[in-house]
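Chemist:
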Amino acid sequence: MTEKRQDPKTTLVLCGTGKTGRRVAHRLTARGLRVRIGSRSGEPPFDWQDQATWEPAVRNVTSAYLVYYPDLGAPGAAAAVRSFAELAVDSGVRRLVLLSGRGEEGVLPAEQAVRECGADWTILRSSWFSQNFSEDFLLEPVQSGEIALPAGNVAEPFVDAEDAADVAVEALTEDRHLGQVYELTGPWLLTFADAAAEIAAAAEREVKYRSVPPEQFASMLVEHGVPAENAAFLTELFGKVLDGRNAHLTDGVQRALGRQPRDFTDYARVAAASGVWAGDSDRSGQAARASQGG
Ligand SMILES: NC(=O)c1ccc[n+]([C@@H]2O[C@H](COP(=O)([O-])OP(=O)(O)OC[C@H]3O[C@@H](n4cnc5c(N)ncnc54)[C@H](OP(=O)(O)O)[C@@H]3O)[C@@H](O)[C@H]2O)c1
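Quick note on numbering: the sequence shown equals residues 0 to 293 in numbering that gives the first Met the number 0.
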C-alpha cells in the first residue's frame with residue numbers, strides 16, 4: 000500500500016491484513032485512496048497490546064476502519080477502543096467505521112465508546128464470516144474432514160467477508176451511512192452441518208460437522224495449547240452467540256448496498272476453486288488459530 004504522510008485523506012485500516020481488513024484496503028486502494036495498514040506487520044506497526052504504537056498509526060489519518068483483535072467483546076477491548084478512538088479524534092480522525100459482532104452483549108461498551116468519541120461513526124454488527132472456514136480457525140478442521148464446535152443444530156446466517164468489506168468501504172466513503180448500525184447477515188440460515196455439506200459438495204471431499212458439549216470443546220482447545228483463559232472466553236462466547244439468538248436474517252447488506260448479500264454456495268465454490276481445502280493438515284491448527292481469537 001502506498002502512503003503519503005501529508006495527504007489529508009489517508010484511511011487507517013486496522014487488522015488490515017485480516018479477513019475484512021485486507022479486502023477493505025484493497026477496495027480503497029483500487030479507488031485511488033490512500034491506505035495505511037494498521038497491524039503488527041504494518042508500517043508503522045500497530046499493536047492493540049502496545050499503546051505506544053497507536054499515535055504513529057493515526058498520524059495524518061482522517062478516517063479509520065476500526066477492527067479490534069482478538070474480539071470486540073474480549074476483556075479489555077472496550078477500554079482499548081475508547082482510548083484509541085479518543086486518540087484518533089485528537090489526531091484529526093473524523094470518521095470511524097467499527098466492525099462489531101452480532102448478538103454479543105460484550106461488544107456494547109466498545110460500540111458506545113465509538114459513538115461518544117466525537118467522530119462520525121458507522122457500526123457494522125456482523126454474523127459469522129463464511130471465510131472462517133477458509134481463512135481462519137476452521138480451515139484446518141475442514142481440511143481434516145471434521146468441524147467440531149459446541150453449536151448443536153443452531154442456524155447461523157453466515158455472511159461473506161466480501162459483503163462486510165463492501166459495506167465498510169461504502170461507510171468510509173459515503174455520508175449517508177453516518178450514524179447507522181448495520182446488522183450484516185447472508186441471505187440464508189445454515190446449520191454448521193449444512194455449511195459442512197455445502198463445503199463438501201464444493202470441495203468434492205468429505206467434510207462432517209460434529210456438535211461437542213462446551214466443556215469438551217474447551218478441553219480440546221486446552222489440549223491443543225490454547226491458554227485456559229482464552230479457551231474459557233471462546234467457549235463462553237460461542238455458547239452465547241450460538242444459542243439461537245442470531246438465527247434470523249437481517250437486511251443490513253441490502254440497506255447499505257441496495258443489493259442482496261452473496262450466498263454461501265457461491266462463497267464455497269470460490270473458496271474451493273482457490274484450492275484452499277485441497278490439502279490435509281494437523282488439526283492442532285484449529286486450536287492455534289482459536290488461541291489468537293479466531
Ligand atoms: N470472525 C468472525 O466471524 C467475526 C464475526 C463478527 C465480528 N468479528 C469481529 O472481527 C474482529 C476481527 O476478528 P476476525 O476474526 O475477523 O479477525 P481478522 O480481522 O481476520 O484478524 C486478523 C488480523 O488481526 C491482526 N492482528 C492480530 N493481532 C493483532 C494485534 N495484537 N494488534 C493489531 N492487529 C492484530 C492481524 O495482522 P498482524 O498479524 O499483522 O498483526 C490481521 O490483520 C473482532 O473484533 C471480532 O469481534 C469477527
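Quick reminder that beta carbons are idealized off the backbone N, C-alpha and C, glycines included.
Keep in mind the model is a prediction, meaning the values are calculated, not measured.
As a quick exercise: from V88, D174, F132 and T184, pick the residue whose alpha carbon is nearest that of A277.
Modeler: Sequence index remark: in the sequence shown, residue 277 carries index 278 (1-based). Among V88, D174, F132 and T184, the Cα nearest to that of A277 belongs to F132.
Chemist: Within its chain, find whatever has a CB closer than 8 Å to the CB of T10; leave out the 5 residues flanking it on each side and keep chain order.
Modeler: Reading the sequence shown from its first residue, position 11 is the one you call residue 10. The residues are L27, L32, R33, V34, R35, V60, T61, S62, A63, Y64 and L171.
Chemist: Whole angstroms are fine: how far does the CA of A267 sit from the CA of S273?
Modeler: Within the sequence shown, residue 273 is the residue found at index 274, counting from 1. Within the sequence shown, residue 267 is the residue found at index 268, counting from 1. Between S273 and A267, the C-alpha separation is close to 10 Å.
Chemist: Note down, in chain order, each residue of its chain lying with its Cβ closer than 8 Å to the Cβ of E54, except the 5 sequence neighbours on either side.
Modeler: Residue 54 sits at position 55 when you count from the first residue of the sequence shown. L86 and S90.
Chemist: CA-CA distance, V180 and D49?
Modeler: Numbered from 1 along the sequence shown, position 181 holds the residue referred to as residue 180. Numbered from 1 along the sequence shown, position 50 holds the residue referred to as residue 49. Cα-Cα distance, rounded: 29 Å.
Chemist: Provide the residue span of the alpha helix (DSSP H) that contains L256, from first to last.
Modeler: On the sequence shown, residue 256 is found 257 positions in, with the first residue counted as 1. Start and end: G251 to L256.
Chemist: Using the Cα positions of P156 and T190, report the straight-line distance between them to the nearest angstrom.
Modeler: Translated into positions along the sequence shown, residue 156 becomes position 157. Translated into positions along the sequence shown, residue 190 becomes position 191. When rounded, the distance between both Cα atoms is 9 Å.
Chemist: Give me whichever residues DSSP pairs with I198 in a beta bridge.
Modeler: If you number the sequence shown from 1, residue 198 lands on position 199. Beta-bridge pairing links I198 to no other residue.
Chemist: What residues match up with A120 in a beta bridge as DSSP calls it?
Modeler: For the purposes of this step, residue 120 is taken as residue 121 along the sequence shown, with counting starting at 1. One detail in the question is off: residue 120 reads as Trp in this sequence, not Ala. Looking at the DSSP assignment, W120 forms a beta bridge with L95.
Chemist: Can you check DSSP and say which residues form a bridge with S210?
Modeler: Counted from its first residue, the sequence shown places residue 210 at position 211. Looking at the DSSP assignment, S210 forms a beta bridge with L148.
Chemist: How about D193 and A227: do their beta carbons lie closer than 9 Å?
Modeler: Along the sequence shown, read from residue 1 onward, the residue named residue 193 stands at position 194. Along the sequence shown, read from residue 1 onward, the residue named residue 227 stands at position 228. Not closer than 9 Å, so no.
Chemist: Per DSSP, S62 forms a beta bridge with which residues?
Modeler: Here residue 62 refers to the residue found at position 63 when the sequence shown is read from its first residue. Answer by DSSP bridge pairing, in chain order: T10 and R94.
Chemist: At a cut-off of 8 Å, would you count K18 as near ligand 1, judging by its Cβ distance to the nearest heavy atom?
Modeler: As a first step, residue 18 must be located in the sequence shown, where it is residue number 19. Within the cutoff, so yes.
Chemist: Strictly by DSSP, which residues pair up with L183?
Modeler: As a position in the sequence shown, residue 183 is number 184, starting the count at 1. According to DSSP, L183 bridges with S125.
Chemist: Please list, in chain order, all residues of the same chain as V275 whose beta carbon is under 6 Å from its beta carbon, the five residues on each side excluded.
Modeler: Taking the sequence shown and counting its residues from 1, the one referred to as residue 275 is at position 276. Cβ neighbours of V275 beyond the five flanking positions: S133.
Chemist: Taking the Cβ atom as the reference point for each residue, do V166 and A231 lie within a distance shorter than 9 Å?
Modeler: On the sequence shown, residue 166 is found 167 positions in, with the first residue counted as 1. On the sequence shown, residue 231 is found 232 positions in, with the first residue counted as 1. No, the pair does not count as a contact, with Cβ atoms beyond the cut-off.
Chemist: Do you know offhand how far L13's Cα is from L233's?
Modeler: The count along the sequence shown starts at 1 and reaches residue 13 at position 14. The count along the sequence shown starts at 1 and reaches residue 233 at position 234. Whole-angstrom Cα-Cα distance: 22 Å.
Chemist: Along the chain, where does the beta strand (DSSP E) containing R81 start, and where does it finish?
Modeler: Here residue 81 corresponds to residue number 82 of the sequence shown, with the count starting at 1. That residue, R81, is in no beta strand (DSSP E); its alpha helix (DSSP H) goes A76 to D89.
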